[in-house]
Structure formats: C-alpha cells, structure tokens
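For the sequence shown, this note's numbering begins at 1298 and goes up steadily by one. What follows is a set of notes on a single structure, which appears directly below.
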Amino acid sequence: MIVLLAVAVVWRVLSMRYQKAHIALLGRHLANHQLERHMETLTQGYTRAIQADSTSRQLQILETFAQTERAVASQAQAVAVALQQESLQQASLVTWPMCIPYAEHFAPSITRDFRALFQIHAEGLRYVVDNVPGWEPKQRAYHLSAELYLLQHSCHWFCKSRGVANARLQLRHQVEYQKVLDSVSETTRSAYVKWLQNHP
C-alpha cells in the first residue's frame, strides 16, 4: 500500500512538471498572437448567428467576422511554422487518455508529433476560411466552428491529456469529440486520422 501511494505521488509530481513544460512551450508561441481571443470571438459569434431569428440577420452577423476569420487562419499558420523550431521530444503528445509523463523517451509508439498536428489545423482553417468547397455562409460557419473546436481540443490535449481535452470540449461547448471530428472538413479529418494512426 505504501509503495502504491509512493508511486502515485511520484507519477503526479512528474505529470504536473511535464504538463507545465508543455503549457509553457505552447504559451511561448501563442504569446505574440491573438489567436485565442479571435477563436473565442468566432465561436461566440457563430452561436449568436445561428440563434438569429432570420436568415438575413444570420448572414449580417456572419459577414462581420470576415477579418477575424482571416486573422485566425494567418496566425494559426504562423504558430505552426514557429513550432517547427521545437524538437520532436519537446513537442510530443501521448495518445492514451491519461498523461504519461515523458513517454516519448521510453514508449515513443504511443506518442504523436504535435507540430504536425498543429500544421494540419492551420491548413484546415485556411481551407475553410477561403471556402474552397464553396459552402453557403451558414454551412461554412458550421464547419469553421468545428475546426476551431478541434484545434482547441488539440491544444488542451498537448497541455494536459486527451481525457482532459475531451472533458473540456464537452463542458465548454456541450459537444462530443467524435461529433466535432465528424464536422470538420474532409481535408482536415483525413489528415487528422492519418496523423493519429501514425501513417505518413
């Protein structure tokens, strides 16, 4: 019993140290941008647009976010480029639901490259912001919301754990992870699934 308690304490201390390092790393790259604020503006704004009582009012609200959408896409790409400066070990995340501190050193098969994941998000955001598929405004906003939710999920996953990211997504946006993944563009979803399965 004492041994198990000691192991639990050590695991907890290592987990906190590991998570703190990940939070600091991502924080450094986000500090020079307003990406988080822009994401919040868009997710709240899209919700307001969807709740509008007429199609014309929905479109009117959505049109006001064009500049913020472009800023999100460009800043996400800038962060993705900056993250390439980090080593793979520093920018690895664990695929298991719980935090496994420093798994990249002793179990790299259960880790993935956060740098590559962020690049997938950046490309996905640009694809939807530029409306390559030619969606109607409301449909485009729906898919862009999902792209933003999935990016937020990935950041929480990197900073804490996959389990915590799933819980925060449900708590903050009342939506399941799988629903978000199903709602992003096919381009993002395909790249994301390949990344998760560790396919080149």
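Heads up, the beta-carbon is just placed ideally off N, CA and C, and yes, glycines get one too.
Check: What residue from MET1395, ARG1469, ALA1373 has the CA that sits closest to PHE1455's CA?
Finding: MET1395
Next item on the list: Whole angstroms is fine: what's the gap from TYR1343's alpha carbon to SER1353's?
Entry: 14 angstroms
Check: Just curious, the beta strand (DSSP E) that LEU1390 is in, first and last residue?
Finding: 1389-1391
Notebook entry, point to check: Okay, do the region 1404-1412 and the region 1477-1486 touch, 3+ Cβ pairs below 8 angstroms being the bar?
Noted result: no
Next item on the list: Note down, in chain order, each residue of its chain lying with its Cβ closer than 7 angstroms to the Cβ of ALA1349, except the 5 sequence neighbours on either side.
Entry: GLN1355, ILE1358
Next item on the list: Answer with buried or exposed for ILE1417, where buried requires no fewer than 16 other C-beta atoms within 10 angstroms of its C-beta.
Entry: buried
Check: Roughly how many whole angstroms lie between the Cα atoms of GLN1372 and HIS1330?
Finding: 7 angstroms
Item checked: Straight-line gap, GLU1433 to HIS1440 (C-alpha atoms, nearest Å) -> 11 angstroms
Next item on the list: May I ask you to report which of helix, strand or coil DSSP gives ASP1410?
Entry: strand
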